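Student: Residue 205 in my numbering sits at position 140 of the sequence shown; the count goes up by one each step and never skips.
My questions will all concern the structure given below.
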Amino acid sequence: MTMFFDPFRELDRVASQLLDSRQGPRLMPMDLYRDGDHYVLNADLPGIDPGSVDIDVDGQLLTIRAERTARGADGVTWITRERSGGSYLRQLNLGQGVDTAGISASYDNGVLTVVIPVSEQAKPRKIEVQSTAAPAAVEA
């Protein structure tokens, strides 16, 4: 087996492990966009068991939690181990104008998709203009 060794990459990895004082949740990269009458959130969670994903809404605060368990065989000698286990956490303030009761989520190919519908009150709508002027009488 051939293995490419990059000393700078290895040094960067070791330094980040040593200098990272955060033992808390890891970053969950995400994209958020509006598509018509709903918002779509896509979050990268590779290697996560979908059963470990927990999404809840408390008022206008959306919280996403997930857990990756470190996989490994006992008694093996690791050559490199960069895929550590741990917790992932992301919180978003939804603000006004969303239908929190209609939020749905799915997980496919390592990407969590959360669909957040816009509330009916926040959707654009036409307002009909009423006329209060009396119609002019036509004489024959």
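We put the CB at the ideal spot given by N, CA and C, even for glycine.
The model shown is predicted, which means the values in this text are computed figures rather than measured ones.
Opposite Thr197 in the DSSP bridges: which residues?
Tutor: In the DSSP output, where bridge partners are listed per residue, Thr197 has none listed.
Student: Around the C-beta of Leu127, are 16 or more other C-beta atoms found within 10 angstroms, so that it is buried, or is it exposed?
Tutor: By the 10 Å Cβ count, Leu127 comes out buried.
Student: Applying the criterion that 16 or more other CB atoms from any shown protein chain within 10 Å of the CB defines a buried residue, is Leu177 buried or exposed?
Tutor: By the neighbour-count rule (16 or more Cβ atoms within 10 Å), Leu177 is buried.
Student: Pick from Val183, Glu193, Val179: whose alpha carbon is nearest that of Leu97?
Tutor: For the residues Val183, Glu193, Val179, the minimum Cα distance to Leu97 belongs to Val179.
Student: Taking only the alpha-carbon atoms, compute the straight-line gap between Lys191 and Gly150 and give it to the nearest angstrom.
Tutor: Taking the straight line joining both Cα atoms gives about 51 Å.
Student: Please report the residue range of the beta strand (DSSP E) in which Val183 lies.
Tutor: It is not in any beta strand (DSSP E) - Val183 carries neither H nor E in the DSSP assignment.
Student: Under a Cβ-count criterion, where at least 16 other Cβ atoms within 10 Å of its own Cβ denotes burial, should Leu92 be classed as buried or exposed?
Tutor: Classification for Leu92: exposed.
Student: Under 7 Å between the Cβ atoms of Tyr172 and Pro115?
Tutor: Yes; because the gap between Cβ atoms is below 7 Å, this pair is in contact.
Student: Pull up the distance between the alpha-carbon of Met95 and that of Pro182, whole angstroms please.
Tutor: Rounded to the nearest angstrom, the two C-alpha atoms are 18 Å apart.
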